[in-house]
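Visitor: Below is one structure. I have some questions about it.
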Amino acid sequence: MIATNGLVDFHCHLDLYPDHPAAVRESDEAGVFTLAVTTTPKAWPRNHELAQATRHVRAALGLHPQLVAERASELALWDAHLSETRYIGEVGLDAGPRFYKSFDLQKQVFQHVLQRCAVAGNKVITVHSIRAAKAVLDHIEAYLPPTKGKVVLHWFTGSKAEAKRALELGCYFSINAAMLDNERHSSMVTAIPLDRLLTETDGPFTKTADRPSKPADVAVVVEALSRLHGVSTSALAATVRNNLRSLLEPNGEGY
Ligand code: MN
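Residue numbers (this note's numbering): -18 to 236.
If you want it as structure tokens, here you go:
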């Protein structure tokens, strides 16, 4: 296993581990630049508080599409916290069978989120797009001009043509190990230029060695991506670190 110091986990649910403060501390001590996403704006204050005390962890303000059916009313709370953070997520759309009935409401919420981010400017947004790649890209194109914010597509499983469209819209992609286990998805990932790649675990929703993945397990993704692109793990890790830096420009504050 490669050293974890300086790796990037740009999408992890640290507040969903049994011991949230310990999960934050562990990821900070591992030196993994971790974006702690949230699924409801009610989770933001505590995530923000814990992340602020670290060097490597930052919190993102989210309203998960799978929770929109029950929690759309928390959108006002999301608005209220927006000025406190540069990082937004998890947000997006989910057209899977369990969530399709709220799809219209999800679209209204996602449109609102993107429009508010565009007005505020300079936000970095981690976006969910299960079975909704086209609708997600349509929304980004319509409501978030590339000069007004940056999008990282998390666990993107669209087609190569959709990935190409996302690249043209300026999107980055955060790749996890589960994506690379799937032949169709890994072939799509291979088509993404190295300068748009980030890495993620989506812990605790993915597994590493039969336990929930932790940010340090993002090393597995770095190794897999380095094999896929025929470069060394250290070169791939440096590329991802540089991509994080570019993503956070022009005012690269944050990390
Ligand atoms: Mn997630």
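Quick reminder that beta carbons are idealized off the backbone N, C-alpha and C, glycines included.
Would you call the CB atoms of Ile(-17) and Ser168 closer than 9 angstroms?
Guide: For this step, residue -17 is matched to residue 2 along the sequence shown. For this step, residue 168 is matched to residue 187 along the sequence shown. Cβ distance not < 9 angstroms, so Ile(-17) and Ser168 don't count as in contact.
Visitor: Can you name the start and end residues of the beta strand (DSSP E) that Phe14 belongs to?
Guide: As a working mapping, residue 14 is identified with position 33 in the sequence shown. Phe14 to Ala17 is the extent of the beta strand (DSSP E) around Phe14.
Visitor: Answer with buried or exposed for Lys82, where buried requires no fewer than 16 other C-beta atoms within 10 angstroms of its C-beta.
Guide: In the sequence shown, the residue the question calls residue 82 occupies position 101. Flag for Lys82 reads exposed.
Visitor: Going by C-alpha to C-alpha distance, which of Arg208, Val221 and Pro185 sits closest to Leu175?
Guide: In the sequence shown, the residue the question calls residue 175 occupies position 194. Of Arg208, Val221 and Pro185, the residue nearest in Cα terms is Val221.
Visitor: Report yes if the C-beta of Trp136 is less than 8 angstroms from at least one heavy atom of ligand 3; otherwise report no.
Guide: Summarising the ligand content, the structure contains ligand 1 and does not contain ligand 3.
Visitor: Can you tell me whether His45 is helix, strand or coil according to DSSP?
Guide: Residue 45 sits at position 64 when you count from the first residue of the sequence shown. It is coil, neither helix nor strand.
Visitor: Rounded to a whole number of angstroms, what is the C-alpha to C-alpha distance between Gly130 and Asp191?
Guide: As a working mapping, residue 130 is identified with position 149 in the sequence shown. As a working mapping, residue 191 is identified with position 210 in the sequence shown. Those two C-alpha atoms are separated by around 37 angstroms.
Visitor: Is Phe154 near ligand 1, with its Cβ less than 8 angstroms from a heavy atom?
Guide: Locating residue 154 in the sequence shown gives position 173, counting from the first residue. Checking the Cβ of Phe154 against ligand 1 gives no.
Visitor: Could you check if Asp162 is buried or exposed, using at least 16 other CB atoms within 10 Å of its CB as the buried criterion?
Guide: For the purposes of this step, residue 162 is identified with residue 181 of the sequence shown, where counting begins at 1. Answer is exposed; the Cβ neighbour count stays below 16.
Visitor: Reducing DSSP to helix, strand and coil, say where Phe84 ends up.
Guide: Numbered from its first residue, the sequence shown carries residue 84 at position 103. Looking at Phe84 - three-state DSSP - the assignment turns out to be helix.
Visitor: I'd like to confirm the pairing. Which residues does DSSP put opposite Lys23 in its beta bridges?
Guide: Taking the first residue of the sequence shown as position 1, residue 23 is located at position 42. Its beta-bridge partners do not exist; DSSP assigns none.
Visitor: Between which two residues does the beta strand (DSSP E) containing Leu134 stretch?
Guide: Walking along the sequence shown from the start, residue 134 turns up at place 153. Start and end: Gly130 to His135.
Visitor: Contact between the stretch 223 to 231 and the stretch 186 to 204: three or more CB pairs below 8 angstroms?
Guide: No contact exists between the stretch 223 to 231 and the stretch 186 to 204.
Visitor: What are the start and end residues of each continuous alpha helix (DSSP H) run of 4 or more residues lying completely inside the stretch 180 to 218, in chain order?
Guide: The qualifying runs are 199 to 210.
Visitor: Please classify Asn28 as buried or exposed, where buried requires at least 16 other C-beta atoms within 10 Å of its C-beta.
Guide: Stepping through the sequence shown from its first residue, residue 28 is reached at position 47. It counts as buried.
Visitor: Gly139 and Leu109 - do their beta-carbons sit closer together than 9 angstroms?
Guide: Taking the sequence shown and counting its residues from 1, the one referred to as residue 109 is at position 128. Taking the sequence shown and counting its residues from 1, the one referred to as residue 139 is at position 158. The residue you asked about is not Leu; residue 109 is His in the sequence shown. No.
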